[in-house]
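K.L.:
First the structure, then my questions, so here it is.
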Amino acid sequence: MVKKQDEIYASPLNEIIDFDFDEKVADVFPDMIQRSVPGYGTMISTIGILAAKYAQPNSRCYDLGCSLGAVSLSMRQRINQPDCKIIAVDNSEAMVERGMELLASDNSSRVPVEMVCADIQDIAIEDASVVVLNFTLQFIPLDQRLALITRIYQGLKPGGVLILSEKMAFEDQIKQAFHTEAHHDFKRANGYSDLEISQKRTALDRVMIPESLARHKERLRKAGFPVSEVWFQCFNFASMIAIK
Ligand code: GEK
Numbered sequence: 033m034v035k036k037q038d039e040i041y042a043s044p045l046n047e048i049i050d051f052d053f054d055e056k057v058a059d060v061f062p063d064m065i066q067r068s069v070p071g072y073g074t075m076i077s078t079i080g081i082l083a084a085k086y087a088q089p090n091s092r093c094y095d096l097g098c099s100l101g102a103v104s105l106s107m108r109q110r111i112n113q114p115d116c117k118i119i120a121v122d123n124s125e126a127m128v129e130r131g132m133e134l135l136a137s138d139n140s141s142r143v144p145v146e147m148v149c150a151d152i153q154d155i156a157i158e159d160a161s162v163v164v165l166n167f168t169l170q171f172i173p174l175d176q177r178l179a180l181i182t183r184i185y186q187g188l189k190p191g192g193v194l195i196l197s198e199k200m201a202f203e204d205q206i207k208q209a210f211h212t213e214a215h216h217d218f219k220r221a222n223g224y225s226d227l228e229i230s231q232k233r234t235a236l237d238r239v240m241i242p243e244s245l246a247r248h249k250e251r252l253r254k255a256g257f258p259v260s261e262v263w264f265q266c267f268n269f270a271s272m273i274a275i276k
C-alpha cells in the first residue's frame with residue numbers, strides 16, 4: 033500500500049473544527065497514526081501475539097474502533113484456533129470502506145474477518161475470547177465508558193481478555209508536562225511542524241478525552257475484571273490487558 037502523507041493541519045486554518053474520522057483522515061490514516069502515536073507499530077504486532085495466546089476455539093475476537101483494520105490483520109496473521117472469527121467495527125464509513133479493501137487484499141486468510149460499519153455501543157459482544165479497544169475508548173463520552181466496559185466483560189468467556197490502549201493523562205503536573213513535551217518532540221522528530229501539532233491538538237480537544245491509569249484500572253475493576261496490567265507504555269501512550 034502506498035502511504036499518503038498527512039498534511040491535514042499543515043497550513044494555517046481560519047477555523048479549527050472538531051476532529052472527525054472522515055475521508056480526508058481515512059486517506060492518510062496509516063501515516064498519521066504511525067507519526068503520532070509512539071510505539072504504534074510495536075503495539076499492533078504485539079496485539080497479534082497476545083491474541084494468539086488468548087484466542088479460544090469456537091470464539092469471537094473483536095476489534096472495536098478498527099479504523100482501517102490494522103489490529104484485525106495482526107490478529108488474523110497470528111491466531112491459530114479452530115472456528116475463531118474476528119469482528120471489526122467502526123462507525124466511520126470512510127474507514128470501513130478503505131478497511132474492507134485492505135482486508136480483501138490480505139491473503140493470510142486463516143481466520144475470517146467481518147468488518148462492519150456500526151457504533152460499538154450498539155453491537156452485541158458475545159462468545160468473545162479477545163476484545164481490543166486500540167485507542168478507541170478515549171473517543172467515547174466519559175459517562176458511557178463504564179457501561180461499554182461492563183458489556184465487554186459480560187461478553188467475554190472465562191479466561192478471555194480485553195486489550196485497552198489509550199493516550200494517558202497524569203494527575204501529577206510534572207509528569208503530565210514531561211509526557212506532553214516528549215510526545216510533541218516525537219511528533220516533531222517525525223516531521224510535524226509546531227503549527228500542525230497545535231492545530232491538531234485544538235481539533236482533538238473536545239472529542240478525545242484521556243484519563244489517568246488509576247481511573248482506567250478502577251473502571252476495569254468495577255466492570256468485573258479481577259486483574260489488569262500495563263504491558264506497554266511509551267510516553268503518554270499505554271496499553272493494558274485485563275483478564276476475566
Ligand atoms: C488502530 N484501532 O489502527 N463506534 C465505532 N467506532 C468508533 C466510535 C464508536 N462509537 N468512536 C470512535 N470510533 C485503530 C485506531 S482510531 C484512534 C483507532 C486514533 C472509531 C473512529 O472512527 C476511529 O476510526 C477509531 O475509533 C479511533 O489500531 O485515531 O487516535
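Numbering-wise, our numbering comes out as the position in the sequence shown, counting from 1, plus 32.
Quick reminder that beta carbons are idealized off the backbone N, C-alpha and C, glycines included.
In this structure, what does DSSP give as the bridge partners for S197?
P.N.:
For S197, which the question treats as bridged, DSSP gives the partners N166, S271.
K.L.:
Do S271 and the ligand GEK come close, with the Cβ less than 7 Å from some heavy atom?
P.N.:
Checking the Cβ of S271 against the ligand GEK gives no.
K.L.:
If you run the structure through DSSP and keep just helix, strand and coil, what is I152?
P.N.:
Coil at I152, not helix or strand.
K.L.:
Is the stretch 223-231 touching the stretch 154-174, taking contact as three or more C-beta pairs under 8 Å?
P.N.:
Output reads no: the stretch 154-174 does not touch the stretch 223-231.
K.L.:
For the ligand GEK, any of its heavy atoms closer than 7 Å to the Cβ of N268?
P.N.:
For the ligand GEK, not one heavy atom lies less than 7 Å from the Cβ of N268.
K.L.:
Is it true that the CB of Y185 sits closer than 8 Å to the CB of K276?
P.N.:
Yes, these two residues count as a Cβ contact at 8 Å.
K.L.:
By the 10 Å Cβ neighbour count, where 16 or more other Cβ atoms means buried, how is K219 classified, buried or exposed?
P.N.:
It is buried - the Cβ of K219 has at least 16 other Cβ atoms within 10 Å.
K.L.:
Whole angstroms are fine: how far does the CA of G131 sit from the CA of T182?
P.N.:
Their Cα atoms are separated by approximately 28 Å.
K.L.:
In chain order, what residues of the same chain lie with their CB nearer than 6 Å to the CB of D151, ignoring the 5 residues before and after it?
P.N.:
Closer than 6 Å at Cβ, skipping near neighbours: N123.
K.L.:
Can we count V103 as close to the ligand GEK, meaning its CB is less than 7 Å from some heavy atom?
P.N.:
Answer for V103: yes, Cβ within range of the ligand GEK.
K.L.:
Just the C-alpha distance for S271 and F257, rounded to the nearest angstrom, thanks.
P.N.:
Roughly 16 Å between the two C-alpha positions.
K.L.:
For my contact list, V145 and S104 are in at a C-beta cut-off of 8 Å; report their separation, rounded to the angstrom.
P.N.:
The pair is a contact, with the Cβ atoms about 5 Å apart (cut-off 8 Å).
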